[in-house]
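Report on one structure; see the data block that follows.
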Amino acid sequence: MNTFLALAAGLSALTCLIHTFLGGREIAVPLLNAVDLAPVPKYVSYYCWHLVTIALAAISLMFAIAAIYPESWELGWMATFLAASFCILGLVLPPMKKQSYKAMPQGWLFLPIAVFGAAGGA
Numbered sequence: 000m001n002t003f004l005a006l007a008a009g010l011s012a013l014t015c016l017i018h019t020f021l022g023g024r025e026i027a028v029p030l031l032n033a034v035d036l037a038p039v040p041k042y043v044s045y046y047c048w049h050l051v052t053i054a055l056a057a058i059s060l061m062f063a064i065a066a067i068y069p070e071s072w073e074l075g076w077m078a079t080f081l082a083a084s085f086c087i088l089g090l091v092l093p094p095m096k097k098q099s100y101k102a103m104p105q106g107w108l109f110l111p112i113a114v115f116g117a118a119g120g121a
């Protein structure tokens, strides 16, 4: 078993759980309760919320498969690419929008995942 990819899988699963339960309470519920937001942007954003949930679960699964089956190394690299992309976006967006990392810490969650993924693929 590839230990680095297994660690990336575990951290990805943890990130998915944080997104689903903590983020759901802090982001999705207030989004749905917003009365000053038109239905289309509200429900499209909620749809995107679920797309992210699916993507996070898929990343975790890709890392887990690549950790167990070395012949599935492409899945590990694809998951690493996605984690690194989410990391970069999450670290660039807050300063661009004049937000703090305390308010938008999501990018930092993907940094160790991307590092473990890259180490596992090396």
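Heads up: the sequence shown runs through residues 0 to 121, numbered per numbering that gives the first Met the number 0. Even for Gly, the Cβ is constructed at its ideal location relative to N, Cα and C.
Asked	Found
Measure the alpha-carbon distance for Ser59 versus Ala121 and round it to whole angstroms.	19 Å
Rounded to whole angstroms, how far is the Cβ of Leu82 from the Cβ of Gly119, which I believe are closer than 8 Å?	It is worth fixing the name first, because residue 82 is Ala in this sequence and not Leu. Wrong, their Cβ atoms sit about 11 Å apart, outside the cutoff.
Since Tyr45 and Leu21 should fall inside the 8 Å C-beta cutoff, what is the C-beta to C-beta distance between them, to a whole number of angstroms?	No, Tyr45 and Leu21 are not in contact; Cβ-Cβ is about 17 Å, not under 8 Å.
Which residue marks the beginning of the alpha helix (DSSP H) containing Val34, and which one marks its end?	Neither: Val34 is in no alpha helix (DSSP H) and is coded neither H nor E.
Just to check my reading of the structure: Thr14 and Ile112 have Cβ atoms closer than 8 Å, yes? What is that Cβ distance to the nearest angstrom?	7 Å
Exposed or buried, Gln105, counting other C-beta atoms within 10 Å across all chains shown (16 or more means buried)?	buried
Can you tell me whether DSSP reads Met61 as helix, strand or coil?	helix
Return the first residue and the last residue of the alpha helix (DSSP H) that Ala83 is part of.	72 to 95
Hey, Ala27 and Ala66 are a contact pair by Cβ (cut 8 Å); roughly how many whole angstroms apart?	Contact flag wrong, Cβ pair sits at about 30 Å.
Using a Cβ-Cβ cut-off of 6 Å (strictly less than) and excluding sequence neighbours within five positions of Leu74, which residues of its own chain qualify?	Met61, Ile64, Ala65
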